[in-house]
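Q: Provided herewith is a single structure, encoded as structure tokens, for subsequent inquiry.
Okay, here's the thing in structure tokens:
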């Protein structure tokens, strides 16, 4: 089977790496050697944060997985044993955003203060941990991944991506149709 699946997380929208690069760059121009060294260190940290990626790697043949951080082509993360999988779940998740807008009385939280994302979880058999989250993203990517994994490891899918929850049995799984 020799199946190695690499899943990347979405890039963060954080501006912290950019702030670090600008701040480190400004510190380099101060005439004190301590400020210059600090500036170079901050600049390097900002570059690492800007160019790093994270995600999960599944090794289905050896029943292992690892969460990783990839920086400049090097992977960091510890391989862990993956217990037997009972089924795969697609779960709708409300991701909150703090967003306020003014009203007549005071500031109130906006009605559109959340995004919808979808998790793909491996539901585990005989494990202290009930599930292992392996992906967070949009619905089409989540369904494609869930159907491909279900086909590869021969398990069914519990789809709770809508208000109507349903089981998708093994014989109904066809990754090309979803």
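Residue numbers (this note's numbering): 35 to 212.
Built from N, CA and C at the ideal position, the CB exists for glycine as well.
Keep in mind the model is a prediction, meaning the values are calculated, not measured.
When we look at the beta-carbon of residue 127 and count the other beta-carbons within 10 Å, is it buried (16 or more) or exposed?
A: When all chains shown are included, residue 127 counts as exposed.
Q: My output table needs one value for residue 205: the three-state DSSP class, helix, strand or coil.
A: Note: residue 205 maps to helix in three-state DSSP.
Q: List the DSSP bridge partners of residue 171.
A: For residue 171, which the question treats as bridged, DSSP gives the partners 152.
Q: According to DSSP, is residue 94 helix, strand or coil?
A: Coil, per DSSP.
Q: With a threshold of 8 Å, are at least 3 pairs of Cβ atoms found where one atom belongs to the region 93-104 and the other to the region 48-57?
A: As far as the Cβ criterion goes, the region 93-104 does not touch the region 48-57, which means the pair count is below three.
Q: If you follow the alpha helix (DSSP H) that residue 55 is part of, which residue opens it and which one closes it?
A: Start and end: 50-62.
Q: Apart from the five residues just before and just after residue 103, which ones in its own chain have a Cβ nearer than 7 Å to its Cβ?
A: 86, 88, 110, 111, listed in sequence order.
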